[in-house]
Structure formats: structure tokens, C-alpha cells
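Enquirer: This is the structure, below, for whatever I ask next.
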């Protein structure tokens with residue numbers, strides 16, 4: 001059950017649901033026990049194990065299964081680029097410009113040509 005970049009979002013969600021179920025079974029917990037510990041209805045646990053779960057409910061289930069520490073692995077903290085901080089004069093970016101793809105293509109072409117303007 002490896003999640004691949006080429007998998008659809010639905011397949012990735014189903015795989016995560018199957019992993020939740022296996023984690024629950026590995027701890028010899030029933031859906032009812034996870035439900036009670038997470039404060040969620042049993043139906044939410046059933047749906048989560050099928051890959052149909054909200055982010056908040058997923059976190060609550062992972063807490064109940066003692067897996068909250070794995071959230072950092074799921075989505076590690078994203079460091080702010082020092083170059084970006086310099087460009088933004090120390091301000092933390094709150095919005096994307098949407099020009100990223102165009103700029104990176106232009107920068108890549110400059111580098112390939114060997115032209116660097118400093």
C-alpha cells in the first residue's frame with residue numbers, strides 16, 4: 001500500500017483509510033473504542049477507514065490511536081526561504097503571486113543560457 005504521486009486523490013485517501021484501520025487493528029481497538037476516545041461518532045470512524053474523513057476528524061482519530069506524532073511526518077513544517085525573506089524585507093508571505101511558474105521557467109532558461117545578471 002505505497003502511495004504514489006501518480007495515484008488519484010481518491011486512491012490516496014483510500015490508502016490512508018486502510019492504514020488507519022490497520023493501525024486500529026494493530027492496537028486491538030474496536031471502532032467503538034476509537035470513537036469514544038476521539039469524541040467522534042462510530043460512523044465517522046467507519047467512513048475514515050474508507051478514506052472519507054475531514055482533516056479535523058483525521059487528527060482526532062490519530063490522537064485516539066496515539067499517532068499524533070506522525071502528523072509532523074505527514075506534513076513537515078515548511079521553512080521560510082532566506083531569499084524570500086530578503087525579498088519581502090523580513091515580512092512573512094501571506095499570499096502567492098501566481099507568477100511562480102512563469103518566473104521559474106524564465107530563471108531556468110537564463111541559467112541554461114549561462115546568463116546571470118547581478
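Residue numbers (full-length UniProt numbering): 1 to 118. Where is the CB? At the ideal position from N, CA and C, for every residue including glycine. Fair warning: this is a prediction, and the values are worked out from it, not measured in the lab.
Can at least three beta-carbon pairs, one atom from the region 20-38 and one from the region 50-67, be found at a separation below 8 angstroms?
Expert: Three or more Cβ pairs drawn from the region 20-38 and the region 50-67 lie within less than 8 angstroms of each other, which places the two stretches in contact.
Enquirer: According to the neighbour-count rule (16 or more other Cβ atoms, all chains shown, within 10 Å of its Cβ), is residue 77 buried or exposed?
Expert: With fewer than 16 other Cβ atoms within 10 Å, it is exposed.
Enquirer: Buried or exposed: residue 48, going by 16 or more other Cβ atoms within 10 Å of its Cβ?
Expert: buried
Enquirer: Going by the beta-carbon positions, is the gap between residue 51 and residue 16 smaller than 8 angstroms?
Expert: Contact flag set, yes.
Enquirer: At what residues does the alpha helix (DSSP H) containing residue 82 begin and finish?
Expert: It spans 82-87 - the alpha helix (DSSP H) in which residue 82 sits, taken as one unbroken run.
Enquirer: Roughly how many whole angstroms lie between the Cα atoms of residue 54 and residue 82?
Expert: Whole-angstrom Cα-Cα distance: 34 angstroms.
Enquirer: For residue 32, which residues in the same chain have their Cβ closer than 7 angstroms to its Cβ, ignoring the five residues on either side in sequence?
Expert: 42
Enquirer: Just how far apart, CA to CA, sit residue 75 and residue 68?
Expert: 12 angstroms
Enquirer: Can you round the beta-carbon distance between residue 12 and residue 3 to whole angstroms, since I take them to be within the 8 angstroms contact cut?
Expert: 5 angstroms
Enquirer: Look at the alpha carbon of residue 20 and the alpha carbon of residue 86, and state the distance between them as a whole number of angstroms.
Expert: Going from the Cα of residue 20 to the Cα of residue 86 covers about 42 angstroms.
Enquirer: Go through its chain and collect everything with a Cβ distance to residue 71's Cβ below 8 angstroms, but skip five positions before and after it.
Expert: 59 and 62
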